[in-house]
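First the structure, in the form of structure tokens, and then the observations on it.
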Amino acid sequence: MNYVTYGGVTVGLLILASHLATWWPGLKSLRSNPGHAADLLPFLLAWTYGVLAILGVGGLIGWAARTTLWISNWLGDVALVWGVGGQSGQRAGSAVYLPLTQAGGGIVLILTAVMVGLAKKTRYGSDLKRGAWCGVCLGTSAGVAGFAAAPIAVAVNWLGDALYGALQ
Numbered sequence: 533m534n535y536v537t538y539g540g541v542t543v544g545l546l547i548l549a550s551h552l553a554t555w556w557p558g559l560k561s562l563r564s565n566p567g568h569a570a571d572l573l574p575f576l577l578a579w580t581y582g583v584l585a586i587l588g589v590g591g592l593i594g595w596a597a598r599t600t601l602w603i604s605n606w607l608g609d610v611a612l613v614w615g616v617g618g619q620s621g622q623r624a625g626s627a628v629y630l631p632l633t634q635a636g637g638g639i640v641l642i643l644t645a646v647m648v649g650l651a652k653k654t655r656y657g658s659d660l661k662r663g664a665w666c667g668v669c670l671g672t673s674a675g676v677a678g679f680a681a682a683p684i685a686v687a688v689n690w691l692g693d694a695l696y697g698a699l700q
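So the numbering used here is basically just the index in the sequence shown, starting at one, shifted up by 532.
The structure is reproduced here in structure tokens:
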């Protein structure tokens with residue numbers, strides 16, 4: 533079972549806050565050109581992928597997601613202990629897991645290939661990497677990100693069933 537500590541959630545929120553701070557074009561600019569919001573789409577796509585990767589996917593993809601979560605938990609716990617005098621290793625509350633079906637796992641594998649290709653070939657590579665990392669950190673939390681995990685899993689399972697059902 534994957535679980536996230538307060539340190540891991542803190543790392544995820546730091547990534548999110550940093551990305552939003554660097555993206556923020558200003559209120560006046562955003563009102564005059566709402567298209568600036570589209571610049572958040574690569575991060576959001578990658579965040580969704582990160583949530584899917586930590587939702588109990590096995591194999592190499594699951595191992596990479598669990599390792600990323602473990603490192604993030606450790607880094608965040610160290611930062612909380614040494615930075616503000618907190619305690620390490622406390623679970624932040626975990627979300628209810630909705631397992632991916634075999635077809636949903638196939639969609640995650642396809643998305644992995646797409647994410648790797650996009651991260652290497654587009655100017656949004658760093659946005660995609662940070663978004664996936666943020667999704668892994670927040671995907672198992674019991675907060676808003678945890679509540680988003682269930683509909684994402686349902687959607688991917690449905691998409692996989694529809695895709696593989698059409699190919700049979």
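We treat Cβ as the ideally placed atom computed from N, Cα and C, and that holds for glycine.
Judged by DSSP secondary structure, Val-646 falls within the alpha helix (DSSP H) whose first and last residues are 634 to 653. Thr-580 carries a helical assignment under DSSP once its states are collapsed to helix, strand and coil. For Asn-565, the number of other beta carbons within 10 angstroms of its own is below 16, and it is reported as exposed. Excluding five sequence positions before and after Leu-643, the CB atoms of its chain that fall closer than 6 Å to its own CB belong to Tyr-581, given in chain order.
DSSP places Thr-554 in the helix class (H, G or I) of the three-state scheme. If you draw a 10 Å sphere on the C-beta of Trp-579, you find 16 or more other C-beta atoms in it, and that means buried. For Asn-534, no alpha helix (DSSP H) run applies, since DSSP gives it neither H nor E.
Of the residues Val-583, Ile-593, Gly-544 and Leu-546, the one whose Cα lies closest to the Cα of Val-648 is Ile-593.
CA-CA distance, Val-589 to Ser-550, rounds to 28 Å. Only residues of its own chain outside the window of five on either side were considered, and among them Val-688, Leu-691 and Gly-692 have a CB closer than 6 Å to the CB of Ile-639, listed in chain order.
Arg-563 has its alpha-carbon roughly 32 Å from the corresponding atom of Val-668. Put simply, the backbone Cα of Gly-591 is about 14 Å away from that of Thr-633. With fewer than 16 other beta carbons inside 10 angstroms of its own, Gly-558 counts as exposed.
By the Cβ-count criterion, Gly-617 is exposed, with fewer than 16 other Cβ atoms from all chains shown falling within 10 Å of its own Cβ. Val-583 and Gly-663 do not touch by the CB rule: their CB atoms are close to 10 Å apart, not below 8 Å. For Ala-674, there is no enclosing alpha helix (DSSP H), as DSSP marks it with neither H nor E. Under the criterion of beta carbons closer than 8 Å, Ala-585 and Gly-539 do not qualify as touching, at roughly 19 Å.
Taken through DSSP and simplified to helix, strand or coil, Pro-566 comes out as helix.
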